[in-house]
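Participant: Chains as they are written, first to last, in my numbering: chain A, 1 to 603; chain B, 604 to 845; chain C, 846 to 1240; chain D, 1241 to 1419; chain E, 1420 to 1584. By construction, the Cβ of each residue, glycine as well, lies at the ideal position given by its N, Cα and C atoms. Before I ask anything, here is the structure I am working with.
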Amino acid sequence: MSVRDLLSPFIAWKHLFREPVSIRDPFNREASERYRGFHQNDVEKCIGCGTCEAICQNGAIDMVIVEGVEGIKTRPGDSGLRPRIDYGRCCWCALCVDVCMTSSLTMSNAYKWVENDPDKFRYIPGVDKKEWDNVKQGYHRPDGHRLNAPERIEMPELEPAERIDSFVEIVGGYSVEQARLEADRCVTCGICVATCPTHMPIPEYISAVRDGDYERGLKLLYDSNPFSQICGKVCTRRCETTCAASHEGDPIAIRWLKRHITEQVPYEKYRDIIGGPLPATGKKIAIIGAGPAGMTAAFDLARKGHEVSVYEARSHAGGMTRYGIPEYRLPFETIQREIDLIVSMGVEMHYDTRVGTDIQMQQLQQDNDAVLLAIGLWLGRGTRIPGADHPHVYKAIDLLRRIRDGEQLEAPKSMVVIGGGNVAMDIARSVARLQKQQQGEINVTLTALEDKAHFLADPVEIKESIEEEINIIDSRGPQECVSDDQGKLVGLRSWKVLSIFDDQHRFAPTYDESDEQLHPGEWIVEAIGQMSDVSLLGDALTEKLEWDRGRLQVDDDGHTSEPWLWAAGDCVKGPDIVSAVATGHSVATSIEAMFEQKEAQNA
Amino acid sequence: MKDDFEKLLDQQPEKEPEPQERPALRDIPVREELVPRTVTAPDGQEIRIDPLQDYYCQAGPTVQTPAYTRIIEDLFNWARAESLWILGFGTGCGAIEMRPLMTPRFDAYRYGIQWRPTPRQANLLVISGYLSVKTLKRAIRSYEQMQNPKYVVGLGSCTINGGMYWDSYNTIKRLDDYLPVDLYITGCMPRPEALLQGFDDLKKLIRAGKAEGANKYAENFERYKTNQKRVIKDWDMPDYSW
Amino acid sequence: MADAEFGKADRSQYPHRRPDGSLDIDLTSGKYLKLWQGPNHPGITGNMSVELTVCGDEVVEGKTHVGYLHRGFEKLMERRTFIQCFPIVCRICVPEPDFNEYCYAAAVEELAGLEIPEKAKWIRALILEMGRINSYLMYLGGQAGAFGQGVIGQWTTYARDLMLDRFEELTGARIYHMFILPGGVRDDLPEGFDERMEQTLQEVERTLDDVYDTMFRNAVFKKRAVGLGYVDPALVDEYGITGPVARGAGVARDVRKDQPYLVYDQLDFEPVTGRESDVYARADVRRRDLLMSVDLIRQILSKMPHKGEVMATLPNVLHWKIPRGETYIRGECSRGEYGYYLVTDGSGYPRRVNVRGPSYTHAMALLEKLIVNVNISDVAGLMVSLHTYPPEIER
Amino acid sequence: MQTLISQLQTRFQLSEFILQRDNLAFVTVTREQLRPLLLHLRDKEGFTHLVLLTAVDWIEDNIFQLTYLLGDRTAGCDIGVRLMLPRDVASMDSIHDLWPTAATYQRELREMFGIDFPESPRVDEDFILEGWTDLPPYRRDFDTLKYSQESYVDRLGRETKDPAAYMKLKLYPDEDNDG
Amino acid sequence: MPEGRGYQRLKSRTSLEEILEVATEFERTARDFYTELAPKVSKQIRYLVEELAEEEQRHYDLFSQLRMRADIVEQIKQSVETPASDRRFSDCIHLPELGDHPDDQAVLQYALGREHAAMEQYQSLAESTPGGPIRDLFAFLADEETQHKNELEKRYYEVVHSGGV
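Written out as structure tokens, the structure is:
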């Protein structure tokens, strides 16, 4: 116990002369730049996908309906719900901010909230006004910090050089490992289901891919879409446009995952996974046209046990999928497997029977309880510009059908395609392949009224066409099919289109006559539009039926004004295969409902 | 937050919490030294001893109505508001943010707030976060031993609706089922500045005479006791240890 | 008599023990008194209570009771996916939450086969050292407070609060930082962090000098602390003692040196050891450890690579499945060896998480052994010197 | 580590051994082998530090797995000795004489899992929970959420909607396509 | 063909009312043509012919109503300042003969051809008459026809360029 030990504590007195360290005004002290304070939510950017609720381990977030705030409405791509946060549960860990798919949920650095009534600690950020709503500082997701991978897993495809000279399928398909990685990116929010015309259970079958349980996945697929194999290859993927992941990265490859399921399950097991038809009910239904719409209705009704007979004008079923889409996008055996599966449900097929010539409409009406018209759009629209009646001016639909029928077409030296949709791309690339096979080099030009941004074709199609040396010239107004004096087609004269749509998206083209070009081409193919050939109805029936601007008028179940006649598919609604499947389903349910109603009446 | 706070100050006593169904009480073996027993005194007289009843008075808490005129009551309330002596019982994780409060940096002493070790000298019980059942038993006992102008403040989200431990078998979910709470300060865990803001609002409450937690405890003493007994299984302490 | 032989006298015969080792105490004889240094007591660190059986002033038997802060973490974590366990894990021990985050993240990364970027390791080491400084500063306040010196607690809490500002600036929160998650850390250092950290470290060092002068050089503190709570080095292995309590007994055990994790192999430091293994020695070991941590932070900030990303790419955390396996990750926290034993069964939820905190052995077995024949007034000082924190025991 | 394990396997005919990483290995033993192995490891191999003793509840295979993790602090490596106990009559002889801290671990396992360690000191006293009559909480068949909802009342007014189901209700209510 | 049959009749007229009266008579003949074409055409595209008939009817009412108005001059001058630009989209489409089963595209082409002819006719009349109310009237008539033609072009695009994907 030296003297030093007694005196050293008195050093503490030096603090008398030091500046006090107390914070003068602790009541409005600003928290740090990254402080995780109370939540803010940009309700326009938020799509109500519920991922923040899924990750919150305190169950602090409820997805609630928001009334009376303009800008928030249940619409495709937005569930109309907004997160309500319960500060009696929240621990401010900001996992919800990190996982937010549109990074609309952020945190201010406000931290003072004192209340007497405990029930007040619940609020919907962005909707209930709070004083920290537009505080700029606070925690935002650091850009390097992602809780799920933004990029899509690359799909193995043939190189342009390999695929250009053959009709072999371009897309290879995911391996099991790749599919599982891609399926792992899905946050199962289910926003895409409403956008898909047939409302397929997309999150459920993607989680089936994740678990590797392909039987369950296939059952889910075929419950809502009997054309899953075909849709897995050529669907227009509207679901991917509203996928929650598309806001901050690539959307989930839903189409490729659907295709992956159909490829992984051996074909023999399809039948027993999907299950057979119910016992016969004695009802007879005739379906005209074996396209996606007709065959879906046939599939549904046959499974219910009704006796279904399908009348197809061509020699193979599949409609536009069989005769409109070229081989390199949709091989024959996929279509054949799809059709065989549907036929195995007890559907009676009549090929090469054109209603109107081989069998009359009235006859169908008598010996069937219901008739479904699913004839699609088989006539190509022509531009009817001067010189368009030349024999070498074809319709894209007819050419594609002849190629798909296996006819050995003699490809021209050079060709011009008019039109910017998928059909134009298909015909351009098919003929390019024929040219490559027969002459070794490609000379195809594709012109369209619209500019490239407004092309109806799938952006992937446009990219692949350019890779296959098809030179695409956009914003060209076709003026005349020029032929030389011997009557041989020389090419297409067209003017530059300055602008094509006015501000209400109505067609109001402005031309620049000075910029006139002649596109050389021995053949000119028009792929500007399609219409349905309704001559098979016969004049009497055409008069009796109600029409709606050139198409059969149907209620939303597909029931025409005639009690015994339904209509579905392209000839009624929707440009793509999956809408045809959707209308097929609704017609099947409507027919079913009509049968039950009839039983109820006379029972 | 400010405006509806003023609204509260002139508001009448707030609504009765909505009734909920209550599972049945559980019977738990009581420790043998607390079981009533009869003892024969040296002169042969039989004496019944009931440890839980004998040493404590049976009366429950009584409602303390303001006894003086308005002016003096305001003066008392002002005095009470200016000297919030917090019971130094850190029941949950929030207590660690009370330490900076009591030391020079945030220095709550300049607002009349300081830590007192025993419930006898404290008039504010701060439940700083989650409350496990064992601590709830001690917290209730401490609260009941505090003298009457006493207030309870709940910190953090655990006292409001269970917080992070919403599915735990050992923590209580709503503090106002078991103790009368005058004020909640949210945050996991609330910062010292938020605590000071909370205590400042508590002062306003006290000055306005609205901090009636103690009286509320006395009025529906039965409801609090049944809630407490339903959760605290080995209830081996007197009902009200004043 | 500077170094009194207090506490070393042969009192092994007192109190009498029955042949089976249990105490031969007759409570009703009036010689003994049962005293609770209960959960509501300024002298203990955190909520635990010690049931003392006292004869006069001298403790005859002590039983530690815990469970006041039990929330059943290990049960709750079985109901949460791996990313959801990350925020709840740091709530286990309040004075030093980052250790839980690090051990849990390292265990998950090892079982999931994740490799974290280099910079994340440096930032994690920085945070762990900052947490250690905070924990030691709070300890010094507690130790001085147990012996009646209130002013030390005021200074160290002020210094700790400066460090909390640095934490808030770096991680976005004061106490529960939730910054180290499986796969790396959330964000990089803000700019100008190094200068502000340097000022804070200087302020901590200035505070430590004052603490050394007023506490370690204080006659009263020396008189009470020297010789109290002697831990025999032989007990270190038998009772599984780790950290400053072991190092105070001269046993050089430091996980940062024995099993270097993160970047500790690239930092040069020597474990600090004491010799007398009493309260004074342990307090001094912790003080010098604190100074070493200050130096470590300076080394880390100088050697840390400036650019580089801080987060590995995680699979989708909403359904992150880890194959079956079990592992044990340990680290040296301010109180001793802190470890996580994680068992996964291939589902998205951990099958079992066991947290092994140093206080598990210090507060229960060791304290009950040391507390015999100690004066009542010294019980608080002894308990604080073991730097026990009850939530590690009951989680 | 490798050599040590092979030695042990020869001496104790251990059934299974997992090398988790170079300084951590797990071996599985039977009841009889446990104590001699622990003694051997502690006295001869230098694994003097009992890091932890815990139980893992494999409810599907009706097994409690007791893990004795021993650490050799000088060499810096650990061995986890795993013992499989039948789940219904789970009891094990105590090792508190080897390490005094084992008594605390065993008290916790007794209270939390219901695994009995007959001669362990104070094993039946309340350790963490006071007056607990329900199933030991750490067993997997004890549902903590159900217990918590029964005993404590959550705040009312909390309900949530599933986005996909809500969109179906609003955008295409009458059409269910189960084919 | 700027010197169509109506050209001479209009050329000789001098007063505004007479010119308007001849123009309305053209509209009436068009309307009658469409109304009696409607039943002949298949019901699928009958809506198109009926719409064309209505449009002609509206034109007819517009012109006849204009004739009654007193402040005819200011009205015309005012609408001439902002002439609609000619899209020239359908200039290249030659006039088909309708035949007995025309499809919707043929009907539209015929209508476009007629509007184009009328527009050119009024334009050349406007250039050939000296300044003054009559020139403004012709310009106004040409402008009306151009707007009508633009309207028809919008309909043509929507009918023809549809159905594909």
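Which of helix, strand or coil does DSSP assign to A:Asp458?
Facilitator: Reduced to three states, the DSSP call for A:Asp458 is coil.
Participant: In this structure, does DSSP put A:Glu531 in helix, strand or coil?
Facilitator: Rather than Glu, the amino acid found at residue 531 of chain A in this sequence is Met. If DSSP states are grouped into helix, strand and coil, A:Met531 belongs with the strands.
Participant: At which residues does the beta strand (DSSP E) containing A:Val347 begin and terminate?
Facilitator: Val347 to His350 is the extent of the beta strand (DSSP E) around A:Val347.
Participant: D:Gln1346 lies in the beta strand (DSSP E); which residues open and close that run?
Facilitator: Looking at the DSSP string, D:Gln1346 is not in any beta strand (DSSP E); the run it does join, the alpha helix (DSSP H), is Thr1341 to Phe1353.
Participant: Whose C-beta lies closer than 7 Å to the C-beta of D:Arg1379 among residues of the same chain, with five residues either side of it excluded?
Facilitator: Correct list, in chain order: Asp1297, Phe1353 and Gly1354.
Participant: Give me the chain A residues within the contact set of D:Asp1312, using Cβ-Cβ distance strictly less than 9 Å, ordered along the chain.
Facilitator: Within 9 Å Cβ-Cβ: nothing; D:Asp1312 doesn't reach chain A, min ~37 Å.
Participant: At a Cβ threshold of 8 Å, is C:Arg1041 touching chain B?
Facilitator: False, the Cβ-Cβ gap to chain B never drops below 8 Å.
Participant: So for A:Ala508, helix, strand or coil by DSSP?
Facilitator: Reduced to three states, the DSSP call for A:Ala508 is strand.
Participant: For the segment 349–396 of chain A, which segments carrying the alpha helix (DSSP H) assignment without a break, of at least 4 residues, lie completely within its bounds, in sequence order?
Facilitator: List check, alpha helix (DSSP H) in window: 361–367.
Participant: So is A:Phe27 buried or exposed if we call it buried at 16+ other beta carbons inside 10 Å?
Facilitator: With fewer than 16 other Cβ atoms within 10 Å, it is exposed.
Participant: Taking B:Trp769 and A:Arg89 to be in contact with their CB atoms under 8 Å, please state how far apart those CB atoms are, rounded to whole angstroms.
Facilitator: Rounded, the Cβ-Cβ distance is 6 Å, consistent with contact.
Participant: With H, G and I counted as helix, E and B as strand and the rest as coil, what does DSSP make of E:Arg1486?
Facilitator: It is helical.
Participant: In three-state terms, what does DSSP make of C:Met1149?
Facilitator: If DSSP states are grouped into helix, strand and coil, C:Met1149 belongs with coil.
Participant: Since C:Tyr1021 and C:Cys935 should fall inside the 8 Å C-beta cutoff, what is the C-beta to C-beta distance between them, to a whole number of angstroms?
Facilitator: Rounded, the Cβ-Cβ distance is 5 Å, consistent with contact.
Participant: Ignore the nearest five residues each way along the sequence and tell me which others in B:Leu798's own chain have a CB closer than 6 Å to its CB.
Facilitator: Excluding residues within five positions, the ones whose Cβ falls inside 6 Å are Leu704.
Participant: Mapping the DSSP letters down to three states, classify B:Ala814 as helix, strand or coil.
Facilitator: Coil at B:Ala814, not helix or strand.
Participant: Using a Cβ-Cβ cutoff of less than 7 Å, which residues in the same chain neighbour C:Arg1019 once the five nearest sequence positions on both sides are dropped?
Facilitator: Result list for C:Arg1019: Leu1009, Phe1012 and Glu1013, in chain order.
Participant: Give the DSSP-derived three-state secondary structure of C:Gly1119 in the structure shown.
Facilitator: Coil, per DSSP.
Participant: Of the choices A:Cys56, A:Thr51, A:Gly77 and A:Val43, whose alpha-carbon is the least far from that of A:Glu67?
Facilitator: Here the closest residue by C-alpha is A:Val43.
Participant: Taking B:Met767 as the query, report the chain C residues whose CB atoms sit under 9 Å from its CB, ordered along the chain.
Facilitator: By Cβ distance, chain C contributes Arg916, Leu921, Pro932, Ile933 and Arg936.
Participant: If you measure between the beta carbons of A:Ala448 and A:Arg476, is that distance less than 8 Å?
Facilitator: It is a contact, given that the beta carbons lie within the stated cut-off.
Participant: Can you name, in chain order, every residue of its own chain whose Cβ lies under 8 Å from the Cβ of C:Arg924, other than the five neighbours on each side?
Facilitator: Around C:Arg924: Tyr1194.
Participant: Helix or strand or just coil, what does DSSP make of A:Ala567?
Facilitator: Strand at A:Ala567.
Participant: Mind listing the chain D neighbours of B:Ser771? Cutoff is C-beta to C-beta under 7 Å, in chain order.
Facilitator: In chain order: Thr1384 and Ser1388.
Participant: May I ask you to report which of helix, strand or coil DSSP gives E:Gln1566?
Facilitator: In the structure shown, E:Gln1566 sits in a helix (DSSP, three-state: H, G or I).
Participant: Between the segment 340–352 of chain A and the segment 243–257 of chain A, can you find at least three pairs of beta-carbon atoms closer than 8 Å?
Facilitator: Not touching, per the Cβ criterion.
Participant: Among A:Glu162, A:Arg82 and A:Pro150, which one has its Cα closest to the Cα of A:Val187?
Facilitator: Comparing Cα-Cα distances from A:Val187 to each of A:Glu162, A:Arg82 and A:Pro150, the minimum goes to A:Pro150.
Participant: Given A:Gly50, which residues of its chain have a CB within under 6 Å of its CB, disregarding the five upstream and five downstream residues?
Facilitator: Same-chain partners within the cutoff: Met63 and Cys189.
Participant: Kindly indicate the opening and closing residues of the alpha helix (DSSP H) around C:Gly976.
Facilitator: Note, C:Gly976: alpha helix (DSSP H), Glu963 to Ala991.
Participant: Determine the contact status of A:Val171 and A:Glu157, defining contact as a CB-CB distance below 8 Å.
Facilitator: Cβ atoms of A:Val171 and A:Glu157: closer than 8 Å.
Participant: For A:Asp78, list the residues DSSP reports as bridge partners.
Facilitator: A:Arg75.
Participant: Could you work out which residues of chain A lie near D:Arg1398, taking near to mean beta carbons separated by less than 7 Å?
Facilitator: By Cβ distance, chain A contributes Asp62 and Asp86.
Participant: If you drop the 5 nearest sequence neighbours on each side, which residues of the same chain put their C-beta closer than 7 Å to that of E:Glu1564?
Facilitator: Within the same chain, E:Glu1564 has close Cβ partners Glu1534, Ala1537, Met1538 and Tyr1541.
Participant: Enumerate in chain order the residues of its own chain whose CB-to-CB distance from A:Cys239 is below 7 Å, with the five nearest sequence positions on each side excluded.
Facilitator: So the list reads Cys192, Thr195, Cys196, Ile202 and Ile254, once near-sequence residues are dropped.
Participant: Should B:Pro703 be flagged as near chain C, meaning a C-beta pair shorter than 8 Å?
Facilitator: For B:Pro703, the answer is yes, since a Cβ of chain C falls inside 8 Å of its Cβ.
Participant: Take every Cβ of the segment 784–792 of chain B, pair it with every Cβ of the segment 114–124 of chain A, and state whether three or more of those distances are shorter than 8 Å.
Facilitator: Yes, they touch.
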